[in-house]
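See structure below.
Residue numbers (full-length UniProt numbering): 1 to 534.
Below you can see the structure in the form of structure tokens.
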């Protein structure tokens, strides 16, 4: 086997180890969305119905009322059949996506550059990327969607020689469409971009392009009616800057302040304000604080002490950007267009910068950085021996210390500092309650604790059909569900019956003395939940 294949194999092995090692315990627990994905996968596996009693949903899963795309849930099903109901099974599709992204980073980079060293460097950078690692170690739909987009782009490029790959490329873009909400915008944009860049190739493959278009229409068709109804707009309206009423208020106030004259209506038009907000959010994703210093502000999406990329990558990234610009080739157009288009779904959202919504930018940054690093190495080889040794020693020390800092923070401190962001304690609570529930008529769990019902459904493996029969729930105007009770579990606190034995679960400080039965302790020693009897 050739040397570069061995290096690639080692890279993939390292990528697998970094993503699978202690996958079920770090991050320290399943957060709400992961639990929801897991229970709906369990429901499909055991009954063919989701938690709301819908049989094999295709367009979306209702879940909490956030209408999750179905792709990741169905991806969990085979692994749950193998590994059972566990954190590992729920997170494994994302971990596998991260591993495969390292492989396809190598493949697409080699396809674009024809350079083994650059391709291996890009794959290696993706392998150790804080961005990719954070995505891969939790059940993030965005990570699986990013893999599907990457494979779709790679296959489209390869279709120059094997035209039937156009069909397979469209299939993967459609899978991305059904896996993450942002991809409903992004995947079609990628297809349009590739069609423009490779127009000369596709005009000689009309039959295959037609078949690919038919395949795409057939796959997307079930979702057409859903995308036109109120359900699909609720999630968009919830996060979009275009539904921000403050912008409209600002526009109206400034126009009124100028007496409603024509130039004020033009200057303070709400569309100008929305455009400005979009551009500001777009630029947010290129700021150094996000990329190299602290990363995403959400602790679930970053360890907070390191950016989405390592600081040592910065000079190589800048060099790579310059080199690719100077090439003025298809590579330039593709990589820069990919980089810019990947920001669009996040730029229309209110919360920026956002590493989930821009996940499909991977591995563009790694390709740029690898090109810059290769150029640096090419220049360094021509220098004096001592300059070469000194520079390599300095960079090696910098890289090793940076990687050690990241690993130390992630494996030693992250789960202790941010366990609350991952809703730590619910699994322990369910286990404790399951030991006590036989002695009580009703279990009251405060809804102030978030969405506790989903953890009881998941960890007690409650049959979804039985759950639907016994639950009492209501849906608000925005489509979100409040589960009031099911079986003997009560989440809103209905009046007690005379002589009824009630087990209560509240946050710290609710019970004292003889009423307190037990407590759930956090990794840092703090009390999260208290169990008491009525």
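Positions of the beta carbon are idealized from the N, C-alpha and C atoms, including for glycine.
query	result
Quick one: measure Cβ to Cβ for residue 136 and residue 89, integer angstroms, because I've assumed they're closer than 8 Å.	With a Cβ gap of about 15 Å, residue 136 and residue 89 do not count as contacting.
On the three-state DSSP scale, how would you describe residue 164?	coil
What number of angstroms, rounded off, separates the C-alpha of residue 548 from the C-alpha of residue 184?	This structure gives no information on residue 548, because the portion of the chain shown stretches from 1 to 534.
How would you write the range of the alpha helix (DSSP H) that residue 507 sits in, first residue to last?	Here residue 507 belongs to no alpha helix (DSSP H); instead the beta strand (DSSP E) covers 502 to 507.
Please list the segments of the alpha helix (DSSP H) lying wholly inside the segment 87 to 139, counting only runs of 4 or more residues, in order along the chain.	87 to 113, 116 to 128 and 130 to 136
Would you kindly work out how many angstroms separate the C-alpha atoms of residue 161 and residue 194, rounded to a whole number?	15 Å
Judging by CA-CA distance, which residue of 186, 6, 290 and 201 is the nearest neighbour of residue 353?	290
So, helix, strand or coil for residue 303, using DSSP?	coil
Could you have a look at residue 294 and say whether DSSP puts it in helix, strand or coil?	coil
Counting Cβ pairs, one atom from each stretch, are 3 or more of them under 8 Å apart for the segment 117 to 134 and the segment 7 to 25?	yes
Identify the continuous beta strand (DSSP E) that holds residue 473 and give its terminal residues.	472 to 475
Pick out whichever of 399, 319 and 390 has its Cα sitting closest to the Cα of residue 374.	319
Do the CB positions of residue 334 and residue 197 come within less than 8 Å of each other?	yes
Taking the Cβ atom as the reference point for each residue, do residue 342 and residue 358 lie within a distance shorter than 8 Å?	yes
Buried or exposed: where does residue 301 fall if 16 or more other Cβ atoms within 10 Å of its Cβ makes it buried?	buried
Around the Cβ of residue 256, are there at least 16 other Cβ atoms within 10 angstroms (buried) or fewer (exposed)?	exposed
Spatial neighbours of residue 345 within its chain, please: C-beta separation below 6 Å, excluding the five flanking residues on both sides.	182, 185, 186 and 357
Given a threshold of 16 other Cβ atoms within 10 Å of its Cβ, counted over all protein chains shown, does residue 217 qualify as buried or as exposed?	exposed
Count the other C-beta atoms from every protein chain shown that fall within 10 angstroms of the C-beta of residue 609, then say buried if there are 16 or more, exposed otherwise.	Coverage of the chain is limited to positions 1 through 534, which leaves residue 609 absent and any answer about it impossible.
Please report the distance separating the alpha-carbon of residue 25 from that of residue 408.	16 Å
Under 8 Å, do residue 172 and residue 155 count as touching if we go by C-beta distance?	yes
Please classify residue 481: does DSSP put it in a helix, a strand, or coil?	strand
Label residue 19 either buried or exposed according to how many other C-beta atoms from any shown protein chain fall within 10 Å of its C-beta, with 16 as the threshold for buried.	buried
What residue range does the beta strand (DSSP E) around residue 271 cover?	Here residue 271 belongs to no beta strand (DSSP E); instead the alpha helix (DSSP H) covers 270 to 284.
Report yes if the C-beta distance between residue 458 and residue 39 is below 8 Å; otherwise report no.	yes
With a CB to CB cut of under 7 Å and the five nearest residues on each side skipped, what residues in its chain are close to residue 274?	241, 242 and 247
Look at the Cβ atom of residue 150, then the Cβ atom of residue 158, and state whether they are nearer than 8 Å.	no
Please give me, in chain order, every unbroken run of the alpha helix (DSSP H) with length at least 4 that falls completely inside the segment 27 to 58.	32 to 47
Apart from the five residues just before and just after residue 14, which ones in its own chain have a Cβ nearer than 7 Å to its Cβ?	127
Run the CB neighbour count on residue 27, radius 10 Å, all protein chains shown included, and call it buried at 16 or more, exposed below.	buried
Could you check the C-alpha separation between residue 140 and residue 402 for me, to the nearest Å?	25 Å
Nearest by alpha-carbon distance to residue 479: which of 133, 397 and 231 is it?	231
Determine the contact status of residue 37 and residue 67, defining contact as a CB-CB distance below 8 Å.	no
In this structure, does DSSP put residue 240 in helix, strand or coil?	strand
With DSSP run on the structure shown, which of helix, strand or coil describes residue 528?	strand
Per DSSP, what kind of secondary structure is residue 313 in: helix, strand or coil?	helix
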